[in-house]
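If you read the sequence shown in my numbering, its first letter stands for residue 562, the second for the next number, and so on.
Each residue gets a CB set at the ideal place from its N, CA and C atoms; glycine is no exception.
In what follows, a single structure is set out as structure tokens and then discussed.
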Amino acid sequence: MSLEPHQPKLIVTILGSGTSQGVPMIGCHCPVCQSRDPRDKRTRSSIYLETPHAKLLVDTTPDLRQQSLREGLDHLDAVLFTHPHADHIMGFDDLRRFCEMQGGPLPIYGSEETLGQIQRIFFYAFNPKKTVPGYVHAVPHVISDTFELGGLEITPLPVPHGSLSTNGYLFSHRGRKLLAYLSDCAAVPEPIRERVAGVEVLIIDGLREKFHPTHLNVAGAVAAAQAIGAARSFLTHQTHEKTHVDRVQGLPPGVDVAYDGMNLEFILD
Ligand SMILES: [Zn+2]
Ligand SMILES: [Zn+2]
Ligand SMILES: [Zn+2]
């Protein structure tokens, strides 16, 4: 059924679906890194959300510039951060272009730990007395509970990731659980599973087949998706060990693999 153009929608774009080194990896000649399938080009993991009221980015990866050019991003109302690992924050300086175009500061959201690390590394972006036109000017907002942005209710979901805690995020609209984004997690604790139970779409860390101490592997991600009871789930933060086509094979119904440039649409009624 075709959608009426005036229906308000949430459109989610997978900006990146790759692990910390990206795929292809530098200097790797394996069949996945050599693949010509565009779904096997995995930039560092990130998503972009657009509603009629707001344009939101989750994480600023080292690939942010290319991701923004590829998807034609030209405005951001806010940036949410999951955690301060390099593959999720090192494109922070590319926010300068958005600040420059918008002529003002950009609100950023995350846990106290994450925003503290970002303020330490990118100290020059947080001096309210010395803002230089054309440079990043970010305004931090520490979040620990549900808040509202662009007509969406956004709930931080702390999940374990080695010595860190990653903020996953649940995006709801008028109480309807649309999307849970759980990047970089070794497990989904019971309280978080209950919080997102029955979500329409789950995007979840599913690094690779083998066990990993700080990331869910494919079997762990599938088990978590089934326990959550998401209508559709997509694995992200993928390594180079399997092509998209090979990784999709063998997954149970309702579980799929995210790829760069993939879009998800939700009608907001
Ligand atoms: Zn990561
Ligand atoms: Zn490779
Ligand atoms: Zn990480």
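Among all the DSSP beta bridges, which residues are the ones paired with residue i?
{"i": "Q627", "result": "For Q627, which the question treats as bridged, DSSP gives no partner whatsoever."}
{"i": "E709", "result": "E714"}
{"i": "A785", "result": "Answer is none; A785 lacks a bridge partner."}
{"i": "A758", "result": "DSSP output for A758 lists no bridge partner at all."}
{"i": "G815", "result": "Answer is none; G815 lacks a bridge partner."}
{"i": "T727", "result": "V720"}
{"i": "L667", "result": "A699"}
{"i": "T675", "result": "The partner list for T675 (beta bridge, DSSP) is empty, contrary to what the question assumes."}
{"i": "Y685", "result": "Y685 pairs with nothing; no bridge assigned."}
{"i": "A791", "result": "Paired residues: none, contrary to the question."}
{"i": "L618", "result": "Y609 and V640"}
{"i": "L740", "result": "F732 and V762"}
According to DSSP, is residue i part of a helix, a strand, or is it coil?
{"i": "A699", "result": "strand"}
{"i": "E611", "result": "strand"}
{"i": "F827", "result": "strand"}
{"i": "D821", "result": "coil"}
{"i": "M562", "result": "Reliability fails at M562, whose pLDDT of 48 lies under 50, so the model's placement of it is uncertain and the value that follows must be treated cautiously. M562: coil per DSSP, three-state reduction."}
{"i": "A647", "result": "helix"}
{"i": "V806", "result": "helix"}
{"i": "F732", "result": "strand"}
{"i": "P569", "result": "coil"}
{"i": "L768", "result": "coil"}
{"i": "T580", "result": "coil"}
{"i": "T797", "result": "strand"}
{"i": "A747", "result": "coil"}
{"i": "R597", "result": "coil"}
{"i": "A639", "result": "strand"}
{"i": "V779", "result": "helix"}
{"i": "I575", "result": "strand"}
Does the Cβ-Cβ distance between residue i and residue j come in under 9 Å?
{"i": "T612", "j": "L576", "result": "no"}
{"i": "F642", "j": "D620", "result": "yes"}
{"i": "E770", "j": "A780", "result": "yes"}
{"i": "D745", "j": "H798", "result": "yes"}
{"i": "K738", "j": "E755", "result": "no"}
{"i": "L713", "j": "G729", "result": "no"}
{"i": "V757", "j": "L731", "result": "yes"}
{"i": "E674", "j": "H644", "result": "yes"}
With hydrogens ignored, establish whether the beta-carbon of residue i is closer than 8 Å to any heavy atom of ligand 2.
{"i": "M586", "result": "yes"}
{"i": "H590", "result": "yes"}
{"i": "V593", "result": "yes"}
{"i": "H801", "result": "yes"}
Once you ignore the five residues that flank residue i on each side, which residues in its own chain have a CB closer than 6 Å to its CB?
{"i": "T574", "result": "Y609, E632 and N824"}
{"i": "P701", "result": "I669 and L676"}
{"i": "P814", "result": "none"}
{"i": "M562", "result": "For M562, the predicted model reports a pLDDT of 48, less than 50, meaning its position is unreliable; a value from the coordinates is still stated below. If we look at M562 and ignore the five residues flanking it on each side, it has no Cβ neighbours."}
{"i": "S581", "result": "D648"}
{"i": "S672", "result": "N728"}
Compute every distance between the C-beta of residue i and the non-hydrogen atoms of ligand 3, then say whether any falls below 8 Å.
{"i": "D624", "result": "no"}
{"i": "L725", "result": "yes"}
{"i": "D598", "result": "no"}
{"i": "H722", "result": "yes"}
{"i": "H644", "result": "yes"}
Using 8 Å as the cut-off, classify the Cβ of residue i as near or not near the heavy atoms of ligand 1, replying yes or no.
{"i": "S744", "result": "yes"}
{"i": "D601", "result": "no"}
{"i": "T580", "result": "yes"}
{"i": "D821", "result": "no"}
{"i": "S672", "result": "no"}
{"i": "S629", "result": "no"}
{"i": "S705", "result": "no"}
{"i": "D648", "result": "yes"}
{"i": "R605", "result": "yes"}
{"i": "H541", "result": "Since the first residue of the chain shown is 562 and the last is 830, residue 541 is not available in this structure."}
Between which residues of its own chain and residue i is the CB-CB distance below 8 Å, once the five residues before and five after are set aside?
{"i": "Q872", "result": "One cannot answer for residue 872 here, as it falls past the ends of the chain, which runs 562 to 830."}
{"i": "G811", "result": "none"}
Under 7 Å Cβ to Cβ from residue i, same chain only, skipping five residues before and after it: list those, please.
{"i": "Y820", "result": "I575, S578, R600 and H805"}
{"i": "S596", "result": "T804"}
{"i": "Q568", "result": "I828"}
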